[in-house]
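K.L.:
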Amino acid sequence: MSTAVTPYLEMSQAIADAGGEAFRKCYQCGTCTGTCPWSPITHFNIRKLMRLSQLGFDGIEDLMWGCSTCKFCVDRCPRGVEIIDLVRSVRSVYAGGGLLPPPLRAFVGSLTARGNPWTGDAPKRNDWAQDKYPLFAEGKEYLYWTCCTVCYDPRNVLVAKATAEILEKSGLSWGLPGTDAQCCGESVRKVGDLDLFEKLKNNNLGIFSATGAKKIITISPHCLATFKQEYGEDYEVIHFSELLADLIKSGKVTPTKDAGGLKVTYHDPCYLGRHSGIYDAPREVLSALPGVELVEMDRIREQSMCCGGGGGGLWVERAKGERLSDLRIEEALSTGATVLATACPYCIAMLEDSVRTMNAEDKIKVKDLTELFLESLEG
Amino acid sequence: MSRIGVFVCHCGLNIAKTVRVSELAEFARTLPDVVVAEDYKFMCSTPGQELIQNDIRKHNLDRVIVAACSPLMHERTFRKVIENAGLNQYLLSIVNVREQDSWVTEDEDVATTKAKALINGAVFRARLLQPLVSRFIDVNPDVMVVGGGIAGIQAALELADTGKKVYLVERSPTIGGHMAQFDKTFPTLDCSACILTPKMDAVLQSSNIELLTYCEVEEVKGFVGNFDIKIRQKARYVDHDKCNACLACTEKCPGRGVSEWDEGLVKRKAIYIPFPQAVPQKPVIDRENCTFFKKGKCRLCEKVCEQEAIDFEQKDTFREVKVGAVILATGYDLMDTKPLIQYGYGKLPGVHHALELERLFNSAGPTSGKVVMRDGKTEPQSIAILHCIGSRDKNNHEYCSRVCCMYSLKFAHLLKEKTHGDVYQLYIDMRAPGKGYEEFYNRLVEEDVKFIRGKAARVTDKTDNPDHAGKLIVEVEDTLTSQFVTIPVDMVVLSPAMKPRQDAKDMARLFNLSTDKYGFFMERHPKLAPLSTMTDGVFIAGACQSPKDIPDSVSQGTGAAAEALTIVVKDKMELEAATAIVNSAACCGCQNCVRVCPYGAPMFNYEKNVSEINEALCKGCGLCAASCPASAIITRHFTNDQVMAEMEGLMEF
Ligand SMILES: Cc1cc2nc3c(=O)[nH]c(=O)nc-3n(C[C@H](O)[C@H](O)[C@H](O)COP(=O)(O)OP(=O)(O)OC[C@H]3O[C@@H](n4cnc5c(N)ncnc54)[C@H](O)[C@@H]3O)c2cc1C
Chain A
1 MSTAVTPYLE
11 MSQAIADAGG
21 EAFRKCYQCG
31 TCTGTCPWSP
41 ITHFNIRKLM
51 RLSQLGFDGI
61 EDLMWGCSTC
71 KFCVDRCPRG
81 VEIIDLVRSV
91 RSVYAGGGLL
101 PPPLRAFVGS
111 LTARGNPWTG
121 DAPKRNDWAQ
131 DKYPLFAEGK
141 EYLYWTCCTV
151 CYDPRNVLVA
161 KATAEILEKS
171 GLSWGLPGTD
181 AQCCGESVRK
191 VGDLDLFEKL
201 KNNNLGIFSA
211 TGAKKIITIS
221 PHCLATFKQE
231 YGEDYEVIHF
241 SELLADLIKS
251 GKVTPTKDAG
261 GLKVTYHDPC
271 YLGRHSGIYD
281 APREVLSALP
291 GVELVEMDRI
301 REQSMCCGGG
311 GGGLWVERAK
321 GERLSDLRIE
331 EALSTGATVL
341 ATACPYCIAM
351 LEDSVRTMNA
361 EDKIKVKDLT
371 ELFLESLEG
Chain B
380 MSRIGVFVCH
390 CGLNIAKTVR
400 VSELAEFART
410 LPDVVVAEDY
420 KFMCSTPGQE
430 LIQNDIRKHN
440 LDRVIVAACS
450 PLMHERTFRK
460 VIENAGLNQY
470 LLSIVNVREQ
480 DSWVTEDEDV
490 ATTKAKALIN
500 GAVFRARLLQ
510 PLVSRFIDVN
520 PDVMVVGGGI
530 AGIQAALELA
540 DTGKKVYLVE
550 RSPTIGGHMA
560 QFDKTFPTLD
570 CSACILTPKM
580 DAVLQSSNIE
590 LLTYCEVEEV
600 KGFVGNFDIK
610 IRQKARYVDH
620 DKCNACLACT
630 EKCPGRGVSE
640 WDEGLVKRKA
650 IYIPFPQAVP
660 QKPVIDRENC
670 TFFKKGKCRL
680 CEKVCEQEAI
690 DFEQKDTFRE
700 VKVGAVILAT
710 GYDLMDTKPL
720 IQYGYGKLPG
730 VHHALELERL
740 FNSAGPTSGK
750 VVMRDGKTEP
760 QSIAILHCIG
770 SRDKNNHEYC
780 SRVCCMYSLK
790 FAHLLKEKTH
800 GDVYQLYIDM
810 RAPGKGYEEF
820 YNRLVEEDVK
830 FIRGKAARVT
840 DKTDNPDHAG
850 KLIVEVEDTL
860 TSQFVTIPVD
870 MVVLSPAMKP
880 RQDAKDMARL
890 FNLSTDKYGF
900 FMERHPKLAP
910 LSTMTDGVFI
920 AGACQSPKDI
930 PDSVSQGTGA
940 AAEALTIVVK
950 DKMELEAATA
960 IVNSAACCGC
970 QNCVRVCPYG
980 APMFNYEKNV
990 SEINEALCKG
1000 CGLCAASCPA
1010 SAIITRHFTN
1020 DQVMAEMEGL
1030 MEF
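Same order as they appear, the protein sequences are chains A and B. Following the working numbering, the numbering of the first sequence begins with 1 at its first residue and continues without gaps. Following the working numbering, the numbering of the second sequence begins with 380 at its first residue and continues without gaps.
(1) Can you tell me where the alpha helix (DSSP H) with B/Ser424 in it begins and where it stops?
(2) Less than 8 Å between the CB atoms is what I'm expecting for A/Gly56 and A/Leu9, so what's the real figure, rounded?
(3) Chain B partners of A/Cys347, CB-CB under 9 Å?
(4) With A/Pro123 and A/Thr179 assumed to form a contact (beta carbons below 8 Å), what rounded beta-carbon distance in angstroms separates them?
(5) On the DSSP letters alone, give me the boundaries of the beta strand (DSSP E) that A/Glu293 sits inside.
(6) Per DSSP, which residues does A/Leu143 bridge with? Please list them.
(7) Using a Cβ-Cβ cut-off of 9 Å, state whether B/Val730 counts as contacting chain A.
(8) Pull up the distance between the alpha-carbon of A/His222 and that of B/Gln804, whole angstroms please.
(9) Apart from the five residues on each side of it in sequence, which residues of its chain come closer than 8 Å, Cβ to Cβ, to A/Arg76?
(10) Does at least one heavy atom of ligand 1 sit under 8 Å from the Cβ of B/Glu818?
(11) Of all the residues that make up the region 301 to 321 of chain A, which are near chain B by a beta-carbon distance shorter than 8 Å?
(12) Which partner residues does A/Cys70 have in the DSSP bridge list?
(13) Are any of the Cβ atoms in chain D nearer than 9 Å to that of B/Ser780?
(14) Examine ligand 1 and report whether any of its heavy atoms sits within less than 8 Å of the Cβ of B/Asp620.
(15) Identify whether B/Arg678 lies in helix, strand or coil by the three-state DSSP scheme.
(16) Could you tell me the boundaries of the beta strand (DSSP E) in which B/Val524 lies?
(17) B/Asn891 by DSSP, collapsed to three states: which one?
(18) In whole angstroms, what is the alpha-carbon distance linking A/Tyr235 and A/Lys215?
(19) Does any C-beta atom of chain B lie closer than 9 Å to the C-beta of A/Asp298?
(20) Determine the burial state of B/Pro875: buried for a count of at least 16 other Cβ atoms within 10 Å of its Cβ, exposed for fewer.
(21) In the DSSP assignment, the alpha helix (DSSP H) including B/Cys767 goes from what residue to what residue?
(22) Cα separation between B/Leu892 and B/Phe900?
(23) Hey, is B/Ser861's beta-carbon within less than 9 Å of any beta-carbon in chain A?
(24) Kindly list, in the order they appear in chain A, the residues whose Cβ is closer than 9 Å to that of B/Asn774.
(25) Does the Cβ of B/Ala708 lie closer than 8 Å to at least one heavy atom of ligand 1?
(26) Just to make sure I have the definition right: I need the residues of chain B whose C-beta is within less than 7 Å of the C-beta of A/Tyr380. Which are they?
(27) Along the region 801 to 814 of chain B, what residues have a CB closer than 7 Å to any CB found in chain A?
(28) Do the CB positions of A/Thr335 and A/Glu302 come within less than 9 Å of each other?
(29) By the three-class DSSP mapping on this structure, what secondary structure does A/Ile300 have?
(30) Would you kindly check if the distance between the Cβ of B/Thr798 and the Cβ of B/Glu758 is under 9 Å?
(31) Take the Cβ of B/His904 as the centre, count every other Cβ of all protein chains shown within 10 Å, and call the residue buried at 16 or more, exposed below.
(32) Does at least one heavy atom of ligand 1 sit under 8 Å from the Cβ of B/Gln782?
(33) What beta strand (DSSP E) runs, 3 residues minimum, are completely inside the region 459 to 499 of chain B?
(34) Between which two residues does the beta strand (DSSP E) carrying B/Leu748 extend?
(35) List, in order along the chain, the chain B residues whose C-beta lies closer than 7 Å to that of A/Asn45?
(36) If we cut at 9 Å on Cβ distances, does A/Ser354 have a partner in chain B?
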């Protein structure tokens, strides 16, 4: 039997047509794979995915779910290839053909039926708030856009609350969206379901315009990046860490309680850092906390390590030894810090999970910036 | 009544594939005053030229129109053609139906119609063309070469050999350039000093070369054949006329500066010659690091100098030099790799850049030619050479630096020779296209160098593997096996991009040159005039034009010398006659022309209160004429009447 293969250019063209045409620029130097955080622990090979796509060879389907869209390779690519676009387009070409892996079917199903990825009931979206916080309405200044994850994931609900508490104390005019709010659609876009993304986007844009929201605060960097880069409308969108840094600078909120020499290290979320270019604001917040010492890990800022939760990864179970979040916890532990701070609900979920499965709960705690900040207010 | 001939070129299929050329000729025949029109495959070829000349004689033509490529390409060719057939060379009009039509139009009908319009316009203008007479000016026979690297040295020596006087201007205290830093050169592994220092000495000995080291070009005036260049002689604080090069001063000096020549790996004295074979062998004082200049006390050098050559009062001086042509050979800078944090240069001591390694190889270098780590004693047991650092990289320099594959191979060979270490090459594509280069690559493959096809992604000193503790870990994908590879090594060598000199833009401004999109000096034509620039009489050679190796730099140096010679070999030169002139009776003295001219050709005569145009500088672009409110400027060959007539012809379509 012949083992020769023939280029299948129709497939290559289909991928290009789905938005991945940047792969044509790739000269196969391997910078992407060498940079990719998955390379040391899995067989995912982004360069090979690009190569297979260039010629339409078989094997794409085995590789295409490995990417967590951390953007490290895109930033380093010497040819300026928008690699994430390729990942998105191969997924949409193949997933369109019914090749969605089972864990992601539940994710897409929930988004389709309920508008959130957590099989949560839509009317219960704001239950976490227990009617303590105002709803956004015409005339208010800031719309605090809660990510589905902080509304439904029990661990992240604490982040939703901490954020709301800080907003209350800041004296700003703000409000929550109603229960008609839906997922920003970031992950499902990266999973390749563009129609569903459009649906979610239109729903949310409808809410923005119906309530006259002009300034939007996001707690999730995924919402932030999506609103800024994909919604394409004229809103001011900021991440809560930026707002918080400003509130501290202008004296609207002042952390007072001394943490007594707490060693904190900070994990840059990919969508806050590389995708949105925000590295300093979270560090400014941490540095403003009395008695907190910020100790940095080796891979930070532009070179930060991914937690593995992007690109649909949050909904995919990975075997031990194949989890980036485990590596990140190890790195955090090696700094001697007892708190790993971050600023993204996905990162919180992934890292928290690793702390638990690694039995490291008594060594290190994963906390959102807002939680740490709130602790330093209550004194 | 004119007698016009129209000649339509097919340019192979370049024009003929989109423009119906025979239809064009047919059309031209129908135009008033056109007595003959023909089309031919290659009008610029000998048969094409003869066709034009025969028709001029046979039909007694007094105007010729050639519809072909851009006038930049062949206007001169066709001017010669008609001149040799007895017509004044300015009775020619070129219609560009290639760059401005066939190459930029897809539809055949549209392209053919456009060509007809262009020809119609040209016929209208041709009727009004006037014969013009060229002026001749005197030419200064001397040449200036700026930059004393191998390219500049070569150019200076070649010119001096023909008996021409050359001023060689070098910014640093010695000539030699980058080549003087190397130990061996690829692909032959000649000892760099053995082939370079004799040339440096020849410069010194040549009675035709005036060597101006520690000098910079300050101001450039004039034009081809008659440049007026102001040179700044930077203060050396040593009178080189008195100095007898005994160098007793350099021994006694307590001051310490960073040795540029040794890439900062060691310190040098504050009064110094850059390296033992420097030319000239006479020192300069580096003011920043001189104890006397810093603290007001010391003067040890002055005390030991028997020649009384030390002069702390010396100031920068200036002189004017007149030359007929200039060659720029200012070379390249190596990219700073510190901003590429993933490779750790400047943070991880084991990471070196290419020129640092060159110095370690060199017997006159800081380690006397031993390859050791920064501690000065440990020999590396394993070395990784990382290609394409900042080259072929959109985030840094998009072009290929062209030399690095080869010098990286050279490094591998020398590392094998001088250490017992394993040597890795991490490359994207191995580029070895010169004479003897592929053979050199083959040789290295046989020398058991480990080639890994993949661009290094990161260098780190962090590792969980106890076997790798204390090593540098290079992370890379071996793209040939699709495996993520970590290589523990002692030393990492970065092969960074060669980039334009930091001040290349300033030099370009001084000499009115363009730079390409990367900042290298721009040649007049990449294939047919690679050493000329858009400024007549200014030539370029070596790595200032683009990254290149020594063989190419030397060839260009020789070539640029020949180019410069074509100007200075004659005592007189012909000026282009299609230039602007001022009708001083009509000039209102507003000086618009002075402001708009990119070539500095118009000058305001304050006595007469009128503008005057220097024909030698004027390129005939017409900007001044177009912006003259009094219509006092006439661009010969493109007069208002001629241009209006052409427009009229165009608008008939
Ligand atoms: C690490 C490394 C190793 C290499 N090894 C080899 C090899 O083995 N074989 C090979 O063929 N090629 C090699 N090359 C390439 C080689 O360096 C170049 O081909 C060569 O140096 C180009 O010569 P140049 O005269 O054009 O420029 P340069 O060598 O850069 O010389 C330019 C000169 O101009 C002077 N100058 C600059 N600006 C001014 C100014 N404004 N006014 C006055 N003077 C000025 C400079 O001081 C310098 O003296 C290597 C390159 C590198 C980076």
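C-beta: ideal position from N, C-alpha, C; glycine also.
P.N.:
Concretely, from the data shown:
(1) That residue, B/Ser424, is in no alpha helix (DSSP H); it is neither H nor E in DSSP.
(2) 6 Å
(3) Residues of chain B passing the Cβ test: none, with the nearest at roughly 21 Å.
(4) 5 Å
(5) 292 to 294
(6) A/Gly175, A/Ile216
(7) no
(8) 40 Å
(9) Thr31, Cys32, Thr35
(10) no
(11) Glu302, Gln303
(12) The partner list for A/Cys70 (beta bridge, DSSP) is empty, contrary to what the question assumes.
(13) Of the chains in the structure shown, none is chain D; the protein chains are A and B.
(14) no
(15) coil
(16) 522 to 525
(17) coil
(18) 6 Å
(19) yes
(20) buried
(21) Run containing B/Cys767: none in the alpha helix (DSSP H); it sits in the beta strand (DSSP E), 761 to 768.
(22) 7 Å
(23) yes
(24) Asp75, Arg76, Cys77, Pro78, Gly80
(25) yes
(26) Lying outside 1 to 379, the shown extent of chain A, residue 380 of chain A is not represented and no answer is given.
(27) Ile807
(28) no
(29) coil
(30) yes
(31) exposed
(32) The displayed chain sequence assigns Val, not Gln, to residue 782 of chain B. Yes, ligand 1 has a heavy atom inside 8 Å of this Cβ.
(33) 471 to 475
(34) The question names Leu, but residue 748 of chain B in the sequence shown is Gly. That residue, B/Gly748, is in no beta strand (DSSP E); it is neither H nor E in DSSP.
(35) Ser861
(36) no
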